[in-house]
Amino acid sequence: MSDRSTPTTEHQNQVRQTPVIPLHDGVVFPDTVITVTLQSPEALAAVDGPVDEVLLVPRFGDDRGQRYARVGVLATVEDRRSTPDGSPALTLKAVQRARVGVGVIGVGAGLWVEAEPIDDEWVDGEIDDIVATLAGEYRATAEILLEKIGGRQLRHLLRDVDRPGALADSIAHWPELSFERRVELLEAVDVGDRLRLALGWLREALAAVELRERIQNDVAEGLEKQQREALLRRQMDAIRSELDDGDDDAIAGYRSRLDAAIAEMPEATSTAISKEIDRLERTGNESMEANWIRTWLDTVFELPWGERRQESLDLTGARTVLDRDHTGLDEVKDRLIEFLAIRKLRADRAERAGETDEAGSADGPTRRRRGGVILSLVGPPGVGKTSLGESIAEALGRDFVRVSLGGVRDEAEIRGHRRTYVGARPGRLVRALSEAGSMNPVVLLDEVDKVGGDWRGDPSAALLEVLDPAQNHSFRDHYLEFELDLSDVVFVATANVLDTIPGPLLDRMDVITLDGYSAAEKAAIARDHLLPRLQRDNALDDNEVVITDAAIEHITADYTREAGVRRLERLLDKALRKSATRIAVGDATAPVVVDVDDLRDLLGRAQVEEPAAERLDRPGVAAGLAVTGAGGDVLFVETALVDGEGEPILTGQLGDVMKESAVIARSLVAGRAAELGVEVPAGKRLHVHFPAGAVPKDGPSAGITMTTALVSLLTGRQVRSDVGMTGEVTLQGRVLPIGGVKQKLLAAHRGGLRTVIIPAANAEDLDDVPSEVLEHLDVHPVADIDQVLALALTPA
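With the sequence shown counted from 1, adding 5 to any position gets you the numbering used here.
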C-alpha cells in the first residue's frame with residue numbers, strides 16, 4: 006500500500022499551464038458543476054481564446070493586500086453562454102485539486118500558472134485503516150447532526166459518497182462553514198488530515214446544535230412552570246378574595262406582632278423589621294421574594310424578645326445544687342461558686358448605682374462592663390462536663406440549651422447563611438435562643454475542641470465574636486442582618502483536650518480542668534447518682550434490685566479503666582436490665598441482690614490487663630504516664646538492639662515532639678556513657694517502640710521514661726516492676742515539669758503501680774490528687790536524671 010499523500014507517477018508528469026479564474030466569495034470543490042459569471046477583468050481575460058480547462062482559485066485578503074490559496078480546482082469548460090443581463094458565463098465541471106505553481110506566459114491576457122494535479126485516491130485502490138476509521142466516524146457524526154437539523158437532502162448526498170476524499174469534502178455543503186475554513190479544507194491535500202479537519206468541525210457543529218436544543222428545552226420547561234405557577238397563584242388569589250382571607254391579614258398580623266415586641270427590641274432591629282414588612286406589602290404574592298420575606302419575619306418573631314429569666318444568685322442554694330448533682334470535683338465547684346459570686350457582686354453594686362438589673366435592658370457600654378469570662382470545662386469523656394452545665398443553669402434559675410459543635414466545618418453554622426442562598430437559615434446561636442425561650446439562657450458549647458475549618462470558612466473565628474465579652478453585645482448574624490445582644494447569655498464550653506482549641510479562642514476562656522475520678526469517687530457516684538436514675542429508667546422500684554457495695558467496687562476496679570463513669574454507667578445498666586428480666590419472666594423474686602459472685606454471669610469477663618510487673622520483667626522496658634483524650638493512661642516503652650548501623654528506629658505512631666524526646670534521650674545516654682557504664686555494641690542499632698501502635702502519641706513527658714529504658718537495656722538492669730514515671734528531660738539531665746499530674750497519678754493507681762516519679766517542679770500539684778490515691782502511691786519528686794535512675798533501676 007503506497008503513502009496516501011504522494012502523487013502517482015502518472016500525475017507527476019501532468020504539470021500543465023492553465024489560466025486562473027479568481028473566486029472572491031466562494032470555494033469550489035471537486036465533483037461539482039457550477040456556473041461562473043465573468044464580470045471581473047481577470048475572469049474575462051482568463052477565457053479570452055479557445056480555453057477548455059481553467060484553474061479555480063479562491064482569492065482573499067484585507068487592506069494589507071490580496072493573496073491566492075495554495076491549492077485550486079481544475080475545471081473543464083462544459084458550456085459558454087450569456088446571462089439574461091448579457092454578461093458572459095461559463096458552465097464548469099470541477100475535476101480535481103491542483104497545486105498552484107509559478108506564473109507563466111499563456112494565450113491571451115489572463116493570468117496563467119503551472120498547475121500540478123493532486124489525486125485523492127490510492128494507487129492500488131485499497132484504503133488505509135486509519136482513513137477508514139476516520140471516514141466511519143465522520144459518516145456517523147454527520148448522520149446524527151443531519152438527523153437533528155432535518156437535512157434530508159444532505160443525508161441522501163452523504164449516502165452516495167464512497168471515496169474518503171469526497172466524503173471529507175462534503176462538509177463544504179454545511180452552510181454555516183466559514184470561507185476561511187473552506188479554504189483550509191481545500192488546501193488539505195492529505196486525505197487523512199482532511200478527514201480530521203472535517204470531523205472536528207462536524208463535532209463542533211453537533212455540540213452547538215445539542216447545546217441550543219438543551220437551552221431551548223430548559224427555557225420551554227421554565228416558561229411552562231412559570232405559566233402554571235402564575236395560573237395557580239391567580240386561582241389562589243381569587244379563592245382568598247372570595248373567602249376574604251387575603252395577604253393583607255398576614256401583613257396586619259406581622260405589624261401587630263411587631264407592635265407587641267417593639268418595646269423590647271433595639272430601635273435598629275424594629276426599623277429593619279418594619280422595612281421588611283413594607284417590602285412584603287409591595288411584593289406580589291406570586292413573587293419568590295415574598296416567600297423569603299415571610300420566612301425571615303417568622304424567624305425573627307420566633308426569637309423570645311423581652312423574655313428574660315430572673316437570675317438567682319443564691320450562693321448557698323447554688324452549692325447545694327452542685328453537691329446534689331455531682332460527687333467530688335470540689336475545686337471545680339469552688340470555681341463555679343466564685344463565678345456566681347462575682348456576678349452577684351456586680352448585680353448588687355449595679356443596683357445600688359441605679360443601673361438596671363441583669364434581666365433588664367442596658368446600653369452598650371454597660372453591657373461591655375458586665376461581660377465576664379467564658380467558662381470552659383476540659384476533661385476526658387464521662388466526667389460530667391455537660392451535666393455541670395445543666396447544674397449551672399439550674400443554680401442560676403435560667404433556661405439551658407446545648408449546642409453541639411463537634412465536626413462543624415461551615416462558618417455559616419455559627420454566623421448564619423446569607424438570605425440570598427436557597428435554604429438559608431440563621432446560625433446555631435440564634436436558633437439556640439429560640440429553643441431556650443429566653444434571651445438570657447445558659448448555652449453549653451459542647452465539644453468546642455472538635456471545631457475545624459475548611460474551604461467553607463473557619464467556625465472557630467466566628468466563635469471569637471460570640472465568646473468575646475467586649476464584642477458579643479453586638480453579634481451580627483448573616484441571616485438576620487441586624488445586631489443581636491448576647492451579653493446576657495452565659496456561655497459554658499466543654500472540650501476533651503486543650504491542644505486542638507485555637508489559641509485566640511482559648512485566650513477568651515477560663516479553663517476549669519476535670520481530671521477524672523478515683524475508684525472511691527466512682528463508687529460514690531454509682532451509689533448516689535447512677536443507680537437511682539438507672540432503676541427509674543428500667544422501671545424498677547428502689548429496692549427491687551440491690552447491687553452491693555462490694556460488687557460496685559469490683560466493677561469499678563476490674564471492669565472499667567476509664568477516667569469518667571460512662572462505661573461504669575453502661576455496666577450498671579446491664580446488670581439492672583438482666584436482673585429486671587429475671588423478675589419479669591419469673592426466674593427471681595424481688596429483692597434481687599447482685600454481689601461479686603454474680604458479676605461474671607451478668608457482665609461477662611472482667612477487663613483483664615497484663616499487670617505492670619509482668620510487663621517490666623526484662624531490661625529495656627519502662628512504664629511511663631501520659632494524658633490522652635480519654636484521661637490518664639500507663640504507656641510502656643520497649644527498647645532493643647538490632648543488627649545494623651544508623652539512627653534509632655522509632656515506632657508506635659509517635660508525634661514530632663516525642664521523636665525529639667527519643668533523640669534527646671539517646672544523646673543524653675551517649676554523653677554520659679562513661680559515667681553510666683554503658684556502650685552500644687558495634688554493628689548494632691537501637692529500636693524504641695511504644696506498644697498500641699494504632700494510637701497516636703505525642704508530648705515531651707516521656708523523656709525520662711525513654712532515658713530509663715535505654716540505660717536499663719544497655720546496663721542489663723531491670724526497671725522496678727512497681728515504678729511509673731513522667732517528666733521531660735534535657736541534654737544536661739535536668740527533669741522539667743509537665744502537665745496533667747492528677748490524671749497521671751489516677752492512671753498509675755488504676756494500673757497497679759505503687760511508686761511514681763514526677764518532676765520536682767510539680768510537687769505542689771500533689772495537693773489536687775485525692776488523699777485516698779496518695780495513700781496507695783509513693784510519689785518521688787526529682788530534679789535530675791540520676792535520681793530517676795537510682796529510684797527506677799534494680800541494683801546492678
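Beta carbons are placed, not taken as given, at the ideal position from N, Cα and C, and that holds for glycine.
These numbers come from a predicted model, not from an experiment.
- Residues of its chain near A467, where Cβ-Cβ distance is below 6 Å and the 5 sequence neighbours each way are ignored: E416, I419 and R420
- Message: Relative to the C-alpha of L191, which candidate in L438, V32 and P705 has its C-alpha closest?
- Response: V32
- Do V305 and L491 have their C-beta atoms closer together than 8 Å? no
- Is it right to say G387 is buried, meaning 16 or more other beta carbons lie within 10 angstroms of its own, or is it exposed? buried
- Item | Helix, strand or coil at G637 according to DSSP, with G and I counted as helix | strand
- Query: Going straight from the alpha carbon of K280 to that of L469, what length do you get?
  - Reply: 30 Å
- Message: Quick check: the Cα distance between E395 and L771, rounded to an integer number of angstroms?
- Response: 30 Å
- Query: Name the DSSP beta bridge partners of M663, please?
  - Reply: In the DSSP output, where bridge partners are listed per residue, M663 has none listed.
- Alpha-carbon spacing of A355 relative to I342, whole angstroms: 20 Å
- Query: Can you name the residues that DSSP bridges to Y73?
  - Reply: R64
- Query: So which of V674, I176 and R86 has the shortest CA-CA distance to V683?
  - Reply: V674
- Message: Helix, strand or coil for D129? Go by DSSP, reduced to three states.
- Response: The predicted position of D129 is uncertain, since its pLDDT is 45 and thus under 50; a value taken from the coordinates is nonetheless stated next. D129 falls in the coil class under three-state DSSP.
- Query: When we look at the beta-carbon of E769 and count the other beta-carbons within 10 Å, is it buried (16 or more) or exposed?
  - Reply: exposed
- What does a CB cutoff of less than 8 Å around S392 pick up in its chain, not counting 5 residues either side in sequence? D330 and H331
- Item | Per DSSP, cross-strand counterpart(s) of P122 | A103
- Item | For R217, the nearest candidate out of L150, G636 and T760 (CA to CA) | L150
- How is R375 classed by DSSP in three states: helix, strand or coil? Legend: pLDDT at R375 = 45, less than 50; position of this residue unreliable, value from coordinates given subsequently. Three-state result, R375: helix.
- Enumerate in chain order the residues of its own chain whose CB-to-CB distance from H694 is below 7 Å, with the five nearest sequence positions on each side excluded. E643, T656 and G657
- Message: I'd like to check one pair, I26 with V38: are the Cβ atoms closer than 8 Å?
- Response: no
- CA-to-CA distance, E121 to D167, given in whole angstroms: 25 Å
- Query: Is H502 helix, strand or coil when you go by DSSP?
  - Reply: For the sequence presented, residue 502 should be read as Val rather than His. In the structure shown, V502 sits in coil (DSSP, three-state: anything other than H, G, I, E or B).
- Message: Judging by CA-CA distance, which residue of L604, R587 and D602 is the nearest neighbour of P596?
- Response: R587
- Item | Contact under 8 Å by Cβ, D789 with R739 | yes
- Just mark P701 as buried or exposed, buried being the case when its beta carbon has 16 or more other beta carbons within 10 Å. exposed
- Task: Pull up the distance between the alpha-carbon of V196 and that of P89, whole angstroms please.
- Result: 40 Å
- Message: To the nearest angstrom, how far is the alpha carbon of D533 from that of L573?
- Response: 13 Å
- Message: Just to confirm my understanding: we take K689, look at its own chain, exclude 5 residues before and 5 after, and list those with CB closer than 6 Å. What are they?
- Response: L646
- Message: I'd like the span of the beta strand (DSSP E) that includes M730, first residue to last.
- Response: V728 to M730
- Message: In whole angstroms, give me the CA-to-CA distance for L434 and T499.
- Response: 16 Å
- A80 versus P24 - alpha carbon distance: 11 Å
- Task: Classify L228 as buried or exposed, calling it buried when 16 or more other Cβ atoms lie within 10 Å of its own Cβ.
- Result: exposed
- Give the range of the alpha helix (DSSP H) segment to which F344 is assigned. D335 to R357
- Query: Which two residues bound the contiguous alpha helix (DSSP H) that contains R186?
  - Reply: F184 to E192
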